[in-house]
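K.L.:
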Amino acid sequence: MVLDEATFDAFVTRGATSVLSSLGISISSIESVVAIDGRGQVEAALSAFAWFQFGDYWGLIPAPSSADLLV
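Counting from 507, one number per residue, gives the positions in the sequence shown under this note's numbering.
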């Protein structure tokens with residue numbers, strides 16, 4: 507799940523259940539939720555997973571927008 511900075515910080519401090527609930531998302535039977543601090547961090551956070559390269563190749567993983575790349 508890609509989150510903006512404030513929501514990511516809340517995810518880290520308050521935990522997944524609290525933040526997801528505040529977003530209107532209920533979860534059950536989920537082993538883990540991976541939170542990513544902005545779209546620019548997608549590759550760094552997920553590239554170790556075996557499925558990532560295939561998903562990226564087929565366009566299932568969106569590239570960061572140009573706004574995400576601004577410093």
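Beta carbons are placed, not taken as given, at the ideal position from N, Cα and C, and that holds for glycine.
Which partner residues does D651 have in the DSSP bridge list?
P.N.:
The structure shown does not extend to residue 651, since the chain spans only 507 to 577, so no value can be given for it.
K.L.:
Reducing DSSP to helix, strand and coil, say where D510 ends up.
P.N.:
It is coil, neither helix nor strand.
K.L.:
Grab the span of the alpha helix (DSSP H) containing S528 for me, first residue to last.
P.N.:
S528 -> alpha helix (DSSP H) spans A522 to S528.
K.L.:
Out of D515, Q559 and T523, point me to the one whose CA is closest to V539's CA.
P.N.:
If we check each option's Cα against that of V539, T523 comes out closest.
K.L.:
Give a yes or no on whether the C-beta atoms belonging to A541 and F560 are separated by under 8 Å.
P.N.:
Going by C-beta atoms, A541 is not nearer than 8 Å to F560.
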